[in-house]
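What follows is a set of notes on a single structure, which appears directly below.
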Amino acid sequence: MDAHQTVEATATPTPERVPSTLWQLVRYFLRLGMLGFGGPVALVGYMQRDLVEGRKWIAEADYKEGLALAQLSPGPLAAQLAMYLGYVRYRILGATLVGLAFIWPSFLMVVALGWLYTLYGGLPWMQAVFYGVGASVIGIIAHSAYKLTTSTIGRDPLLWVIYLVTALVTIITQSEQVLLFLAAGVLVWLVKTPPRAL
Numbered sequence: 344m345d346a347h348q349t350v351e352a353t354a355t356p357t358p359e360r361v362p363s364t365l366w367q368l369v370r371y372f373l374r375l376g377m378l379g380f381g382g383p384v385a386l387v388g389y390m391q392r393d394l395v396e397g398r399k400w401i402a403e404a405d406y407k408e409g410l411a412l413a414q415l416s417p418g419p420l421a422a423q424l425a426m427y428l429g430y431v432r433y434r435i436l437g438a439t440l441v442g443l444a445f446i447w448p449s450f451l452m453v454v455a456l457g458w459l460y461t462l463y464g465g466l467p468w469m470q471a472v473f474y475g476v477g478a479s480v481i482g483i484i485a486h487s488a489y490k491l492t493t494s495t496i497g498r499d500p501l502l503w504v505i506y507l508v509t510a511l512v513t514i515i516t517q518s519e520q521v522l523l524f525l526a527a528g529v530l531v532w533l534v535k536t537p538p539r540a541l
């Protein structure tokens, strides 16, 4: 058995994606843009549940890669992940149409809510609506953050230690320490794939 056959034999098979059309993907993100709420963490959780686990339109590896890239990039996490997933399936046209379908409903709703709030913001029923939505969103974000953390970190003890230390430092200092995050990345790199010199 040569080296090439050994690599093929030990490689884990990638689960098959279920075929979907561009318009099915655009319709999904239009619906998510209109009905999904709870912030970026919740929306990212919905995408994993619906597209990876439920419909199987997106492979788990593509989703995780897109999530990592979206987290590294400045800007809106959920929108960047949506555009990446559109790009994975249908390249530039997919990224463009998915991005527009996902972003425009939210934009139009925020403009309409802002207009309504300026007109009726002092009314008790309008304030009660915003308080009720806020409480619901906190629950959705907590649930999605838990799912996102456990699916990203898994059972790796090193990643859990890094996660807890960085979370604790962020809570204590009430700011994100960039050098700590860079050091965490270097530490994982050195532990997982140490240089040959070591």
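Okay, so the sequence shown: first residue is 344 according to my numbering, each after it adds one. Here a beta-carbon is modelled for each residue, glycine too, at the ideal position from N, C-alpha and C.
6 Å CB neighbourhood of residue i in its chain, flanking five on each side removed
i	result
isoleucine 446	Ala422
serine 449	Gly376
serine 487	Val384, Ala385 and Gly388
phenylalanine 372	Ala425, Val441, Ala444 and Phe445
Same chain, Cβ closer than 8 Å to residue i, neighbours up to 5 away in sequence not counted
i	result
arginine 432	Ser363, Leu365, Leu368, Trp400 and Ile401
tyrosine 506	Thr492 and Ile496
Residue closest to residue i, alpha-carbon to alpha-carbon, out of the options
i	options	result
phenylalanine 524	Tyr406, Leu415, Asp393 and Ala425	Leu415
glutamate 403	Arg539, Val529, Thr495 and Val508	Thr495
glycine 379	Ser479, Val531, Ser518 and Val472	Ser479
arginine 360	Trp468, Tyr406 and Tyr489	Tyr406
Residues of its chain near residue i, where Cβ-Cβ distance is below 7 Å and the 5 sequence neighbours each way are ignored
i	result
isoleucine 484	Gly381, Gly382, Val384 and Ala385
isoleucine 515	none
threonine 353	Low per-residue confidence applies at threonine 353: pLDDT is 44, beneath 50, and the placement is therefore not dependable, though the value from the model is reported in the following sentence. Here the set comprises nothing.
leucine 491	Val384, Val387 and Gly388
Whether residue i touches residue j by CB criterion (7 Å)
i	j	result
leucine 501	valine 534	yes
glycine 429	glycine 437	yes
leucine 424	leucine 410	yes
Within the stretch 409-446, note down every full alpha helix (DSSP H) run reaching 4 residues or more, in order along the chain. Restricted to the stretch 409-446, not a single alpha helix (DSSP H) segment is unbroken, complete and at least 4 residues in length.
Could you tell me which whole alpha helix (DSSP H) segments of length 4 or greater appear in the stretch 508-535? As far as the stretch 508-535 is concerned, its whole alpha helix (DSSP H) runs of at least 4 residues are 521-535.
What alpha helix (DSSP H) runs, 4 residues minimum, are completely inside the stretch 356-410? Segments of the alpha helix (DSSP H) lying fully in the stretch 356-410: 365-378 and 382-390.
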